[in-house]
Each structure stands twice: as structure tokens, then as C-alpha cells.
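If you're matching positions, the sequence shown starts at 9 in the numbering used here and goes up one per residue. Notes follow the structure.
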Amino acid sequence: MQKQIEKELKTILAECFDINADELEKADNLFILGLDPRDVVKLVVGIEKKYGIKFSENELTKKDLIAYLILH
């Protein structure tokens, strides 16, 4: 299940921000991929809607949480 979710998240990221799959595999943070903080907020909202979850403010302030979810 975890691998499927990782794949879906990478697909969302690639489609929303026109990022090549190879770039996703090489990157270790979203800003290297050219995303800015507004892009990350858009991504978080999309993830919350797709999976029916809500990240707490504490979770969102953790360093590179979203990058960890998607890139690792």
C-alpha cells in the first residue's frame, strides 16, 4: 500500500508541476525541483483532498515533510 501511495503522490507532483519522473527520483527536496512555498501549499491541499486527510499545523512545519512523503 505504501508503494502505491508513493507512486500516486509522485504522479500528482509530476502532473501538477510538469516535472519529469527522472527528476523526481534524483531530487531530495521539492525546492531543487523548482517549487516555491506556494506550490507546496497547493500540493498539500491536493493531497488532503485526494486522501481525505488533514495535516496538522505541527506536521506541516516539520522540515521537508512533504518532500519526505513524496521523494522517499
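For each residue, glycine too, the CB sits at the ideal point set by N, CA and C.
Where do the N-terminal and C-terminal ends of the alpha helix (DSSP H) with residue i fall, by residue?
i     : result
Ala35 : Note, Ala35: premise wrong, no alpha helix (DSSP H); not H, not E.
Ile20 : 10–25
Among the options, which one has its Cα closest to the Cα of residue i?
i     : options                    : result
Glu14 : Lys62, Val49, Ile55, Leu68 : Ile55
Lys57 : Lys34, Ile20, Leu38        : Ile20
Phe25 : Met9, Arg46, Gln12, Gln10  : Arg46
So, residue i versus residue j, is the Cβ gap smaller than 7 angstroms?
i     : j     : result
Val48 : Leu38 : yes
Leu17 : Ile27 : no
Ala35 : Ala29 : no
- Please go through the stretch 45–73 and give each complete beta strand (DSSP E) segment of 3 or more residues, from N-terminal end onward. none
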